[in-house]
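Residue numbering for the sequence shown follows my numbering, starting at 90 and increasing by one per position.
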Amino acid sequence: MLKAEEGGTAVVVCSTCRFSAQARDDDRGVRGGARLGEALRALAATDTRYAGIAIHDMPCLFACGDHCTVHLRAPGKVSYVLGRFAPDREAARAILDYAARYADSDHGSVPYA
90 MLKAEEGGTA VVVCSTCRFS AQARDDDRGV RGGARLGEAL RALAATDTRY
140 AGIAIHDMPC LFACGDHCTV HLRAPGKVSY VLGRFAPDRE AARAILDYAA
190 RYADSDHGSV PYA
């Protein structure tokens with residue numbers, strides 16, 4: 090069940106998302122969304138730039154045409170569903186960097202560039 094966010098920014102990870110466009114699970118039988126969630130939490134725990142960003146799991150974000158999908162949200166801001174990520178540390182860093190810019194924005198609009 091999706092939890093209410095207490096005034097901050099949250100990245101909600103679809104924990105049941107496919108590993109890739111071609112594969113449901115990795116070679117250990119783990120879904121890509123679960124691996125992406127692990128990468129997000131591991132990185133957030135080691136970098137203070139992401140201290141104000143909560144990371145939640147959701148069993149399905151209903152974006153099944155894509156893989157490794159996240160929902161970025163915060164009170165009073167437009168929210169985004171983003172997907173087709175690799176379930177790795179590089180993608181986790183890109184997502185959290187974007188989430189940090191999103192958190193700093195007034196209404197959720199992050200400038201390109």
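Think of the CB as a built atom: it goes at the ideal place given N, C-alpha and C, for glycine as much as any other residue.
| Query | Result |
| --- | --- |
| In chain order, what are the residue ranges of uninterrupted beta strand (DSSP E) at least 3 long that sit wholly in the segment 162-186? | 169-171 |
| Can you give the beta carbon distance from V100 to L129, rounded, assuming they're within the 8 Å contact cut? | 6 Å |
| With A143 as the anchor, note down where its alpha helix (DSSP H) starts and where it stops. | First-last for A143: I142 to M147, but that is the beta strand (DSSP E), not the alpha helix (DSSP H). |
| To the nearest whole angstrom, what separates the beta carbons of I204 and V102, a pair I think is in contact under 8 Å? | Outside the shown range of the chain (90 to 202) lies residue 204, about which nothing can therefore be said. |
| With C-beta atoms as the reference, is S104 less than 7 Å away from P176? | no |
| Quick check: the segment 114-123 against the segment 177-190, are there 3 or more CB pairs under 8 Å? | no |
| To the nearest angstrom, how far is the alpha carbon of D136 from that of D146? | 20 Å |
| By DSSP's criteria, H160 is part of a beta bridge. Which residues make up the other side? | V101 and V170 |
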